[in-house]
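Trainee: Residue numbers (the working numbering): 7 to 106.
1) When we look at the beta-carbon of residue 62 and count the other beta-carbons within 10 Å, is it buried (16 or more) or exposed?
2) Between 70, 104, 99, which has its C-alpha nearest residue 23's C-alpha?
3) Using the rule of at least 16 other Cβ atoms within 10 Å of the residue's Cβ for burial, across every protein chain shown, is residue 64 buried or exposed?
4) Can you name the residues that DSSP bridges to residue 60?
5) Check whether the stretch 89–96 touches the stretch 69–77, counting contact only when three or more Cβ pairs, one atom from each stretch, lie closer than 8 Å.
6) Give me the Cα-Cα distance between residue 55 and residue 34, rounded to the nearest whole angstrom.
7) For residue 79, report the span of its alpha helix (DSSP H) as first-last.
8) Roughly how far, in whole angstroms, is the beta-carbon of residue 106 from the beta-carbon of residue 58, given that I think they are within contact range, below 8 Å?
9) By the three-class DSSP mapping on this structure, what secondary structure does residue 37 have?
10) CA-CA distance, residue 21 and residue 84?
This is how it looks when you write it as structure tokens:
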């Protein structure tokens, strides 16, 4: 029996910004990131290089004591619900021959 599932796309929606450092400068990529994300244990900063570019990857998230949907589920079911949640995020900053 053949599968009728549609394959998942390898693309996803993203926001892209071009950073404009002062003319003639190539500032350290970490200067574009708020200090709290570089120091917070819930985030990880890692540098990377690929042919033709260098970059900085910031990953992490905001832990939440209780998922925001718990209250709605409690009101429907009358049962206590206390599930933890984490809002994950990622940031890639890259410098290429054409810009940052």
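Ideal placement from N, C-alpha and C gives every residue a C-beta, glycine not left out. Remember, it's a predicted structure, so these values are computed and weren't measured experimentally.
Mentor: Taking the definition as stated:
1) Looking at its Cβ environment, which holds 16 or more other Cβ atoms inside 10 Å, residue 62 is buried.
2) It is 99.
3) Around the beta carbon of residue 64, 16 or more other beta carbons lie within 10 angstroms, which makes this residue buried.
4) Checking the DSSP bridge columns, you'll see residue 60 partnered with 55, 101.
5) Yes: at least three Cβ pairs fall under 8 Å.
6) Here the C-alpha atom of residue 55 lies approximately 14 Å from the C-alpha atom of residue 34.
7) First-last of the alpha helix (DSSP H) with residue 79: 76–83.
8) Not a contact, Cβ separation roughly 14 Å.
9) Residue 37 falls in the helix class under three-state DSSP.
10) Roughly 40 Å between the two C-alpha positions.
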